[in-house]
Amino acid sequence: MNETYEASDVIDAGYERFLDAFSAAPGAALAYHYPFYLRFLTQTAYPGSELRLVTARDDGGALTGVLPAIHVRTADVTAWLSLAYFGPNGGAIVHDSTSAAGTTIARSLVVQACADARDRRCDSMTIYTPLDASPAPYRDGLGGADFEIERVAQVLRLPADADVSPWPRKVRYDIRRAVSRGVIVRPIASEFELDQVWEIYKINCCDTGTPVKPSAHIRRLFQTSGPHGIFLAAEYGGAIIAGLVCLMGGGVLSYYLPCTRAESRSLQPGLLLLDHAVTLARAAGCSLLNFEASPGVASSVHQFKARAGGEPVPYRVFVKLLASGVLEKYRSLGADRIGAQAPQAFIIPFSALATPDYS
Numbered sequence: 004m005n006e007t008y009e010a011s012d013v014i015d016a017g018y019e020r021f022l023d024a025f026s027a028a029p030g031a032a033l034a035y036h037y038p039f040y041l042r043f044l045t046q047t048a049y050p051g052s053e054l055r056l057v058t059a060r061d062d063g064g065a066l067t068g069v070l071p072a073i074h075v076r077t078a079d080v081t082a083w084l085s086l087a088y089f090g091p092n093g094g095a096i097v098h099d100s101t102s103a104a105g106t107t108i109a110r111s112l113v114v115q116a117c118a119d120a121r122d123r124r125c126d127s128m129t130i131y132t133p134l135d136a137s138p139a140p141y142r143d144g145l146g147g148a149d150f151e152i153e154r155v156a157q158v159l160r161l162p163a164d165a166d167v168s169p170w171p172r173k174v175r176y177d178i179r180r181a182v183s184r185g186v187i188v189r190p191i192a193s194e195f196e197l198d199q200v201w202e203i204y205k206i207n208c209c210d211t212g213t214p215v216k217p218s219a220h221i222r223r224l225f226q227t228s229g230p231h232g233i234f235l236a237a238e239y240g241g242a243i244i245a246g247l248v249c250l251m252g253g254g255v256l257s258y259y260l261p262c263t264r265a266e267s268r269s270l271q272p273g274l275l276l277l278d279h280a281v282t283l284a285r286a287a288g289c290s291l292l293n294f295e296a297s298p299g300v301a302s303s304v305h306q307f308k309a310r311a312g313g314e315p316v317p318y319r320v321f322v323k324l325l326a327s328g329v330l331e332k333y334r335s336l337g338a339d340r341i342g343a344q345a346p347q348a349f350i351i352p353f354s355a356l357a358t359p360d361y362s
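For what it's worth, my numbering labels the leading residue of the sequence shown as 4, then goes sequentially.
Listed below in structure tokens is the structure:
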């Protein structure tokens, strides 16, 4: 069977069905690849950027692979990114990606993506691979990368039997204890409550030096995510003490924005929120929890996820410079200017921006 490949800005009617089908073997397709999130990226996170969908189709016109991306254009930066904004996994979304046919489709999608980025006169392109994907089709499709960065996320496979808890014994105990102490979990009812949760999140981020997702961005997802979004608050004594935002797609629940008041952590509202989110996600057909990446193995964030059963899973970030002089251009712009124009987008490793000392 011969595939045909195309790059465009059009989301066709079969795209969501293609992503939904990954629920049978979850991991490659995530909520971030669905139209609501791609629109969020192009309209809210990076206004003025353009959606790019590189597709593979069989002889009958059915989708066999997709590589979603956005073309970010600012005053000084023009980059092709799969994906962007705090680095959700992108890359080639292909069924049976480890088979010979799947590997060929993945490589060909990357080749077409590289051609599209060049056609659009991008200075560089960045591709985050799917979780646990082989890096070989990406190296081959790019014709070699200028930078290849190893990353680790954490995932938890959810039991097929909904009556079986996915949590380790100590976590089950802490969840029961949170309930017995009077912590209540419920859906976030309004944008006002969402803002309350975001304020807790902002303080958590400031305390740990973690970049903050802007409140307007979270509000936009609250408005547009529909059945893909889970927005929960934890109350104690009538006050909101914690919150959790998760996004669902392709049979995967992605852990997007957790927060807890420092003085309320002993109540374990974060675990109770997570348990509620997972219960909702399992009812919606999810069988994998994507905890995302953490600042580091030694971080409290990583340790919390590991405590909940999160297992490490590797992925890669590839950066390809597409024109002569691009590295020198990025060095002249500097990390602050690049970061200001394309916030939380991996354009180039900032460690590469230091000018070499040849003296």
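All C-beta atoms, glycine included, are put in the ideal place defined by N, C-alpha and C.
Just so you know, these numbers come straight off a predicted model, no measurement behind them.
- Bounds of the alpha helix (DSSP H) holding Thr282 are 272 to 286.
- Look at the region 217 to 270 and you find these whole runs of alpha helix (DSSP H), each 4 residues long or longer: 218 to 227.
- If you draw a straight line from the Cα of Leu260 to the Cα of Arg172, it is about 25 angstroms long.
- Taking a contact as a CB-CB distance under 8 angstroms, the pair Gly232 and Ala32 does not count as one, their CB atoms being some 16 angstroms apart.
- In terms of Cβ geometry, Tyr204 and Gly273 do not form a close pair [threshold 8 angstroms].
- Going by DSSP, Asn293 is part of no alpha helix (DSSP H) but of the beta strand (DSSP E) stretching over 291 to 296.
- Take the alpha-carbon of Phe353 and the one of Asp339: they are about 10 angstroms apart.
- For Ile187, the enclosing beta strand (DSSP E) starts and ends at 187 to 190.
- C-alpha of Leu197 to C-alpha of Leu277: approximately 17 angstroms in a straight line.
- Bridge partners of Ala59 according to DSSP: Tyr8, Gly68.
- Closest by C-alpha distance to Ala104, out of Ala59, Arg55, Val182, Leu41, is Ala59.
- Judged by DSSP secondary structure, Gln157 falls outside any alpha helix (DSSP H) and instead within the beta strand (DSSP E) spanning 150 to 160.
- For Tyr40, the three-state secondary structure derived from DSSP is helix.
- In the displayed model, Ala32 falls within coil according to three-state DSSP, outside both helix and strand.
- Annotation: the region 79 to 153 contains the following complete segments of the beta strand (DSSP E) (minimum length 3 residues), in chain order: 81 to 85, 127 to 131.
- The beta carbon of Thr129 lies closer than 6 angstroms to those of Leu84, Val322, Phe349 in the same chain, with the five residues before and after it left out.
- Between the beta-carbon of Arg285 and that of Leu161 there is about 6 angstroms, and that keeps the pair under the 8 angstroms contact cut.
- Taking all protein chains in view, the Cβ of Cys209 is surrounded by fewer than 16 other Cβ atoms within 10 Å, so the residue is classified as exposed.
- Comparing alpha carbon positions, the residue from Phe21, Ser102, Asp119, Pro29 closest to Gly64 is Phe21.
- Rounded to the nearest angstrom, the gap between the Cα atoms of Asn207 and Leu66 is 42 angstroms.
- For the pair Glu295 and Pro317, the Cα-to-Cα distance works out to about 11 angstroms.
- C-alpha of Arg121 to C-alpha of Gly212: approximately 36 angstroms in a straight line.
- In the structure shown, Ile350 falls within a coil segment according to DSSP collapsed to helix, strand and coil.
- Out of Leu356, Ala343, Ala355, Ala357, the CA that lies nearest to the CA of Tyr88 is found in Ala343.
- Leu330: member of the alpha helix (DSSP H) spanning 329 to 344, first to last residue.
- The straight-line gap separating the alpha-carbon atoms of Trp201 and Ser218 is approximately 6 angstroms.
- Here the alpha carbon of Leu70 sits roughly 12 angstroms from the alpha carbon of Tyr141.
- Bounds of the alpha helix (DSSP H) holding Tyr176 are 172 to 183.
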